[in-house]
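Numbering (the working numbering), first residue to last: 80 to 312. Ideal Cβ positions, reconstructed from N, Cα and C, are used throughout, including at glycine. To keep things clear, I will list the structure first and then write my remarks on it.
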Ligand SMILES: C[S@@+](CC[C@H](N)C(=O)[O-])C[C@H]1O[C@@H](n2cnc3c(N)ncnc32)[C@H](O)[C@@H]1O
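Rendered as structure tokens:
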């Protein structure tokens, strides 16, 4: 083992714990659709990114690939990238079923994926970067910047906390999720806050800037969710 490997983050831990199993993958969309308008979200993101025919896009930490599949209907090629083989199998199967020959599934993580192919015009990642602690988020964002063309566009969505009223915001979020999605969804939010690595807005904004992104637009919701639209400087 190289010396540096001894302190590298093992990004497969989250996958083996949460996303390694086919049954979990099958249940993922169903559970998320209880509290997210996934198709509406993706339509709004794609409109804001102004994805064009012929452009190359990536969905990093693609999960079941809802964004990648929507993007594939609008652009030249979409790379759906995820560490979980179970997730990618599902994306490949759905893409075939939907006749999306321009969707390419590639295994890989934020810290390990080595892109072979044209650099991306657009890179999207949602609800995935929080799997990494902040040191590793910085490494990941710099790697993502390296895969984008100069002037390439980034959309990053995740659980990100505003500092003000943080505890009250989290309680209100869990109550809202319990009301719309039920007890299981509320429990998954509690587990997220307790065990995952979502960070503060000011930290993530600093990480993005240091990775070479200009933040063009930020949308915050409930002090707990954020969308960042950026451009690689
Ligand atoms: C909560 S799901 C989000 C899926 C999808 N992007 C969405 O918005 O519904 C998180 C996804 O990130 C993937 N993931 C977790 N850690 C990762 C890493 N270090 N690199 C790449 N993907 C990762 C998981 O396998 C999973 O598919």
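Buried versus exposed call for residue i [16 or more other C-beta atoms within 10 Å across all chains shown]
i: residue 80; result: Per-residue confidence for residue 80 stands at a pLDDT of 48, beneath the threshold of 50, marking its modelled position as unreliable; the derived number appears in the next sentence. It counts as exposed.
i: residue 156; result: buried
i: residue 232; result: buried
i: residue 252; result: buried
i: residue 204; result: buried
i: residue 92; result: exposed
i: residue 269; result: exposed
i: residue 219; result: buried
i: residue 161; result: buried
i: residue 216; result: buried
i: residue 311; result: buried
i: residue 242; result: exposed
i: residue 300; result: exposed
i: residue 134; result: buried
i: residue 174; result: buried
i: residue 83; result: exposed
i: residue 250; result: exposed
i: residue 230; result: exposed
i: residue 298; result: exposed
i: residue 237; result: buried
The alpha helix (DSSP H) enclosing residue i, as first and last residue numbers
i: residue 271; result: 262-274
i: residue 171; result: 164-176
i: residue 280; result: 280-289
i: residue 148; result: 145-151
Run of the beta strand (DSSP E) containing residue i, from where it starts to where it stops
i: residue 294; result: 292-300
i: residue 220; result: Premise fails: residue 220 lies in the alpha helix (DSSP H), 213-226, not in any beta strand (DSSP E).
i: residue 114; result: It is not in any beta strand (DSSP E) - residue 114 carries neither H nor E in the DSSP assignment.
i: residue 139; result: 135-139
i: residue 307; result: 304-311
i: residue 201; result: 199-205
i: residue 161; result: 156-161
i: residue 185; result: 182-186
For residue j and residue i, believed in contact at Cβ under 8 Å, the rounded distance
i: residue 239; j: residue 304; result: 7 Å
i: residue 154; j: residue 136; result: 5 Å
i: residue 146; j: residue 121; result: 5 Å
i: residue 247; j: residue 290; result: Rounded, the Cβ-Cβ distance is 31 Å, inconsistent with contact.
i: residue 130; j: residue 150; result: 6 Å
i: residue 109; j: residue 189; result: Rounded, the Cβ-Cβ distance is 26 Å, inconsistent with contact.
i: residue 148; j: residue 125; result: Residue 148 to residue 125, Cβ: 11 Å. No contact.
Any non-hydrogen atom of ligand 2 within 7 Å of residue i CB
i: residue 144; result: Of the ligands one can find in the structure shown, namely ligand 1, none is ligand 2.
Validate contact between the segment 186-197 and the segment 168-175 using beta carbons, cut 8 Å, 3 pairs: no
Three-pair Cβ contact test at 8 Å for the segment 120-140 versus the segment 271-289: The segment 120-140 makes no contact with the segment 271-289, as fewer than three CB pairs between them are under 8 Å.
Three CB pairs or more closer than 8 Å across the segment 202-216 and the segment 272-281: yes
Segment contact, 8 Å Cβ cut-off, at least three pairs: the segment 255-268 with the segment 108-121: yes
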